[in-house]
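Numbering (our numbering), first residue to last: 2 to 109. First up is the structure itself, then whatever we jot down about it.
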């Protein structure tokens, strides 16, 4: 098989597969795959964020809170720092949501 200048030959051992691609085709395909990979990584990051965030309030849900708490405890231990956790519980908050709706409740 003779190849034109700037072409790449690829042969599979024992498979009988042999083909040739021009370098610009290989470069174009590589760039396309890199773009697809970047898009997939972005989508994964977005989905990972969604599983740790409350959709309504855009704050950490329990899973996100536990991850951040674990990270913070590790950092406090590593750098021998002190820290505090503040917990606020609004009694009957659901009744405020039910009576006035989510928007006024979020403004509290």
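From the three backbone atoms N, C-alpha and C, an ideal C-beta is built for every residue, glycine too.
For residue i, the three-state DSSP class (helix, strand or coil)
{"i": "residue 61", "result": "strand"}
{"i": "residue 85", "result": "coil"}
{"i": "residue 23", "result": "strand"}
Residue of the options minimising C-alpha distance to residue i
{"i": "residue 65", "options": "103, 49 and 94", "result": "49"}
{"i": "residue 86", "options": "31, 67, 44 and 55", "result": "67"}
Distance CB(residue i)-CB(residue j) smaller than 8 Å
{"i": "residue 57", "j": "residue 103", "result": "yes"}
{"i": "residue 60", "j": "residue 54", "result": "yes"}
Proximity test, Cβ basis, 8 Å: residue i and chain D
{"i": "residue 74", "result": "Chain labels in this structure do not include chain D; a single protein chain is all it has."}
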